[in-house]
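Note sheet for the following structure.
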Amino acid sequence: MKVLKIGSMPALAGLLSSCFLVGETTQRSVDAGKLTLKQTTMTTKGAAAGVVAGAVANIMLVPIANSVDKSNVRALAFYCEMENPPDKKEYKNCVEWGQAHWNMAKQFDKHLYNGKCHNKFLGLSKGIPKCWDEAFDYARWINKDLEKAVYQAKFEYKYAMCMPWRIEKVKPEKLYQKHLECKKKATEEATEFVNDIKDKIEEYLAKGK
């Protein structure tokens, strides 16, 4: 068996000391990295919360005359603030955008489910029958591309109805998460709706309207 000589002890001590220092430095680097990542995440969340809070503040500063539609208008105004839609520049602010787009979504829904094809005296319930031609006539006013118009109306209607009744009462982080959730649900529902009625759209367009 080999015996460790006393003379080699300083070298061994130096080696162990070096290993300890390297290990300690590495651990500090890892810990520092974790701290930096955590701080970055917290900063990002804080920045996002600030943007959401600012958007809500902007919305609440603009009065809305129609109290019945107020929550839906504000919901779409919030969508406008978060998503910056292409036609935003056509309006003074996102509340005006929300008012215009909620009105279009609501009117499409009204023409489709409560249009002139309904016999009011029979008291037919919503959705029986659907007034497709009347709804499509209105949708063409929203966008000449009928599929895009129908998609927009259904998406914005679903999004507005999905969002909280009073967005100003919801914490910024939760409100943004709700925005993402409602955006996803509205996208899925609008896409499915358009896909399901492609034959009706083709029939309508075949009439030369």
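In terms of our numbering, the sequence shown opens at residue -15 and continues consecutively.
Think of the CB as a built atom: it goes at the ideal place given N, C-alpha and C, for glycine as much as any other residue.
It should be emphasised that the depicted structure is a prediction, and the values quoted were computed from it without experimental measurement.
Got a sec, what are the start and stop residues for the alpha helix (DSSP H) residue i sits in?
i	result
R58	54 to 67
P156	156 to 180
H102	It is not in any alpha helix (DSSP H) - H102 carries neither H nor E in the DSSP assignment.
A133	130 to 146
A119	116 to 126
Below 6 angstroms CB to CB, which residues in the same chain sit around residue i once its five sequence neighbours on both sides are set aside?
i	result
I181	none
W149	S55
A84	none
V35	none
M44	E152
Keeping to the same chain, check which residues put their C-beta closer than 7 angstroms to that of residue i; ignore five residues upstream and five downstream.
i	result
K114	L96, Y97
V178	E131, V134, Y135
Please identify the residue among the options whose C-alpha is closest to the C-alpha of residue i.
i	options	result
K63	E118, K142, D121, E172	First, the amino acid is wrong: residue 63 is Tyr here, not Lys. The shortest C-alpha separation from Y63 is found at K142.
F120	A89, A144, M147	A89
N87	K167, A137, P156	A137
C166	W125, C146, D183	C146
Q91	I43, D53, K168	D53
A33	P47, M66, A123	M66
E173	A41, K76, W125, E140	E140
With residue i and residue j assumed to form a contact (beta carbons below 8 angstroms), what rounded beta-carbon distance in angstroms separates them?
i	j	result
I151	L159	6 angstroms
A59	A144	4 angstroms
D129	Y188	That belief does not hold up - the Cβ atoms of D129 and Y188 are roughly 13 angstroms apart, past 8 angstroms.
A61	G82	3 angstroms
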